[in-house]
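Using the working numbering, the letters of the sequence shown correspond one by one to residues 298 to 395. For glycine and all other residues, C-beta sits at the position ideal for the given N, C-alpha and C. Since we're looking at a predicted model, the values are computed, not measured.
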Amino acid sequence: MKSSPESPTALQTLLSANLDVEAYDLEEFANWCKACLPSSSLVHDFKSQLQHAIDKPGLVTPKLYRAWTSDASFKSQDQLQAHLKEIWNMCFPDDASE
């Protein structure tokens, strides 16, 4: 999910805007995603890119996630993958992942 500063992905854009360590509110973000999904192409792209990041461990590394969100609490790829699944399950409960 690497992107240049000129063209951030939907995943980068939404994680940076909503899950920055200074303004973290996963529940509010999840509610917004659920409300916007049927009509928002940004949320649709985010969902697709998040699924890809979950399916391909290492695509979003702890270092990259930290750069996007200033959150350094995920020291390993396994911890970050569990967090990405948590985001998925909250934002898209109809398609919950184990």
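Residue range of the unbroken alpha helix (DSSP H) whose run includes residue i
i, result
"PHE326", "323-333"
"GLU383", "374-388"
"THR366", "359-366"
"PHE343", "338-352"
"SER313", "307-315"
Whether residue i touches residue j by CB criterion (7 Å)
i, j, result
"VAL318", "ASP375", "no"
"PHE343", "PRO359", "no"
"THR306", "GLN346", "yes"
Rounded straight-line distance, which links the Cα of residue j to that of residue i
i, j, result
"ASP378", "THR366", "A small correction: the amino acid at residue 378 is Gln; Asp does not occupy that position in the sequence shown. Taking the straight line joining both Cα atoms gives about 15 Å."
"ASN328", "THR310", "17 Å"
Spatial neighbours of residue i in its chain, beta-carbon cut-off 7 Å, leaving aside the 5 residues before and after
i, result
"ALA350", "MET298, LEU308, LEU356, VAL357, LEU381"
"ARG363", "ALA369"
Cβ shell of residue i (< 6 Å), same chain only, five flanking positions each side left out
i, result
"CYS330", "VAL340, CYS388"
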